[in-house]
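Under the working numbering, the first residue of the sequence shown carries the number 427, and numbering increases by one thereafter.
Read through the structure below, which is laid out as structure tokens, and then see the notes.
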Amino acid sequence: MVGCISSARPVKEHLGVNVTLHYILTRSPNKLLPFRSFISATTMAELIRDKGTLRNVESLVARLRRRQVTGAHDTAVETVLLLRQVVSTARFSSIDQLLDMIRSVGVRLVAAQPKEIAVGNMVRRVIHQVREEYLANTGGADPSQRTAGITRTNTMSTPDGSALSLANFVLLGRPRATARPTREVETSIGDVDRRSMATKPALIDAVKEIVDEMEGVFEGIAKNAKNHIHADEIVLTIGYSRTVEEFLKAAAHDKKFTVIVAETAPSYTGQQLADSLSQHGISTFLVPDSAIFAMMSRVTKLILGAHAVLADGGLVAQSGALAAAIAARAHATSVIVCAAQYKFAPLWSWSVEGAGAADYGDPGLVMGYDEGELVGSVEVVNPKYDYVKPEFLDVIVTNYGDHPPSYVYKLVKEMYEDEILE
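Okay, here's the thing in structure tokens:
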């Protein structure tokens, strides 16, 4: 659902027409990109000429829609690998054209599966990285702003400084003052075209840096475990998170501690984590969710994984995380979140209706269809995620260090630029 128009910018000749894209605020969690968010495959094909890339885009779109690719890490890796191919095979005459190609692919991916917030995060991250690398290789000059400024000066005023209305244009014709800078604009755009293609290898390397970062996120978070978990402690976690699993295994290299795992019904993913930790030699207890509050008085730390971290420092985590966090607060127990920075999203609130990314599991796991008349008289939901407010959290451990929840907004601003936070 459209909220309001936030900004606009011109798109040049590569679309065949001179149009303006209006950026809008939407109620989607991946409020990515412009008014042409309803981009079609035909429009994307006009921007991206490589047929192999187009086939891979449609393949990932189909797999996301069918939920064949799920989870923040897997969807993020698939997205950045695809965008690396887009940049590698792109033929563009300006950096704006390349960014529009990336945006068009991002719109398709986000529309295919808006519940996977990491997809939109990676598209934003690649756009930011490509733009920053281009500016670094061209002396920090943004060609789109410079040429837009020249064009705006030429077309918005007459020689005497009055506004250029349609009537004035008919009466005066093309003002002499606007005719002179035209050659300057064409020369400037020509310089931009040559520099854009010359920087392509550097842009590919910039995206590859993100790929390399994704390969080491678990190790980057796990190396901080020794600073948070100490000998003879009792820690509690819920469900299964690969990040939390690697974090706990790294802490167990040189110290002994006990882990209590809540099984997290009705998915019971906690059983998978408990089995993995016990095979690694860690003292592990599997408990039902109803025992979380009773066990919390003996727990020294609560460790949570994350589906996403919002800009306000709040956490979107597996269902049951909120109950555990409330119990931890009641017992003054520290709450540690393990989340890679690619999970940081430029969202400031989370709700079932407003965020648009609430995900639900099979309600039959909560109440079976053999319950008879009761099934027909109640509405059963099985939410996959909880939202945990930032005041319930103490620290967020990332692959780039530890941060308090209040600092997340600054990290998001640095990663995605102001255009995403409008």
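We put the CB at the ideal spot given by N, CA and C, even for glycine.
Got a sec, what are the start and stop residues for the beta strand (DSSP E) T824 sits in? Start and end: V821 to T824.
When you compare the CB positions of Q744 and Y842, do they come within less than 8 Å of one another, or not? Cβ distance not < 8 Å, so Q744 and Y842 don't count as in contact.
Is D526 buried or exposed, if buried means 16 or more other CB atoms sit within 10 Å of its CB? Residue burial is scored here from C-beta neighbours: D526 has at least 16 other C-beta atoms within 10 angstroms and is therefore classed as buried.
Reference I752, options G739, I718, G731 and V742, closest by Cα: Of all alpha-carbon atoms in G739, I718, G731 and V742, the one lying nearest the alpha-carbon of I752 is that of I718.
In or out: Y768 buried (at least 16 other Cβ within 10 Å) or exposed? Y768 should be labelled buried.
Rounded to whole angstroms, what is the Cα-Cα separation between P455 and R534? At P455, the pLDDT of 42 sits below 50, so the modelled position is not reliable; the number obtained from the coordinates is stated separately. Each residue's Cα considered, the two are about 15 Å apart.
On the CB-based measure, 16 or more other CB atoms within 10 Å of its CB, does L473 come out buried or exposed? Around the beta carbon of L473, 16 or more other beta carbons sit within 10 angstroms, so the residue counts as buried.
Classify Q539: buried if its beta carbon has 16 or more other beta carbons within 10 angstroms, exposed otherwise. With 16 or more other Cβ atoms within 10 Å, it is buried.
So Q744 is in the beta strand (DSSP E); what residue range does that whole segment cover? According to the DSSP assignment, Q744 belongs to the beta strand (DSSP E) that extends over L741 to Q744.
Going by beta-carbon coordinates alone, are S708 and A678 separated by less than 8 Å? The sequence shown places Ile at residue 708, rather than the Ser named in the question. The answer is yes: Cβ separation under 8 Å.
Between which residues of its own chain and I636 is the CB-CB distance below 7 Å, once the five residues before and five after are set aside? Once the five neighbours on either side are set aside, the close Cβ partners of I636 are V506, R551, V552 and Q555.
Report yes if the CB atom of F644 is closer than 8 Å to the CB atom of T625, and no otherwise. Result no, Cβ atoms of F644 and T625 do not sit closer than 8 Å.
Thinking just about the alpha-carbon of each residue, which of R755, T684 and T663 is nearest to the one in D715? In this structure, T663 is the residue among R755, T684 and T663 with its C-alpha nearest to the C-alpha of D715.
Looking at C-alpha atoms only, which residue of Y826, L509 and P809 is the closest neighbour of K541? Among Y826, L509 and P809, the Cα nearest to that of K541 belongs to P809.
Just verifying my parser: in three-state terms, what is the DSSP assignment at H757? In the structure shown, H757 sits in coil (DSSP, three-state: anything other than H, G, I, E or B).
Would you check if the distance between the CB atom of M722 and the CB atom of A691 is smaller than 8 Å? For the 8 Å CB-CB criterion, M722 and A691 do not form a contact.
May I ask you to report which of helix, strand or coil DSSP gives D631? Correct three-state label for D631: helix.
With DSSP run on the structure shown, which of helix, strand or coil describes A734? DSSP places A734 in strand when its eight states are reduced to three.
Smallest Cα separation from E659: which of K727, L699, L629 and E840? Cα-wise, what sits closest to E659 is K727.
For Y813, which three-state DSSP category applies? Assigned with DSSP and collapsed to three states, Y813 falls in strand.
Alpha-carbon to alpha-carbon, G740 and P816: For the pair P816 and G740, the Cα-to-Cα distance works out to about 4 Å.
On the criterion of 16 or more Cβ atoms from any shown chain inside 10 Å, does D788 qualify as buried, or is it exposed? Label assigned to D788: exposed.
Euclidean distance between Cα positions of A516 and R475: One C-alpha to the other measures close to 8 Å.
Would you give the residue range spanned by the beta strand (DSSP E) that A688 belongs to? T684 to A688 is the extent of the beta strand (DSSP E) around A688.
Candidates R489, I655 and K681, of which the one nearest I729 by Cα: When only C-alpha atoms are compared, the closest one is I655.
Going by DSSP, name the residue or residues bridged to S829. The amino acid occupying residue 829 in the given sequence is His; Ser does not appear at that position. H829 is bridged to I822.
Separation of V685 from T824, as counted between CA atoms: T824 and V685: Cα-Cα distance of roughly 21 Å.
In whole angstroms, what separates the C-alpha of V549 from that of L800? Going from the Cα of V549 to the Cα of L800 covers about 45 Å.
Where does the unbroken alpha helix (DSSP H) through I664 begin, and where does it stop? Going by DSSP, I664 is part of no alpha helix (DSSP H) but of the beta strand (DSSP E) stretching over I660 to I664.
Between which two residues does the alpha helix (DSSP H) harbouring L525 extend? Where L525 is concerned, the enclosing alpha helix (DSSP H) stretches over I521 to A538.
Whole-angstrom distance between L629 and S520, CA atom to CA atom: When rounded, the distance between both Cα atoms is 13 Å.
In terms of residues, what are the limits of the alpha helix (DSSP H) holding L561? Start and end: I543 to N563.
Inter-residue spacing [alpha-carbon to alpha-carbon] between S832 and D796: Approximately 47 Å between the Cα atoms of the pair.
The beta strand (DSSP E) enclosing S709, as first and last residue numbers: Taken as a continuous stretch (DSSP letters only), the beta strand (DSSP E) holding S709 covers S709 to V713.
Select from K649, V495 and A657 the residue whose C-alpha is nearest the C-alpha of E672. Ranking the options by Cα distance to E672, first place goes to K649.
Close-in-space but distant-in-sequence residues of the same chain around R489 (CB under 6 Å, 5 per side omitted): Residues of the same chain with a CB within less than 6 Å of the CB of R489, apart from the 5 flanking positions on each side, are V495 in chain order.
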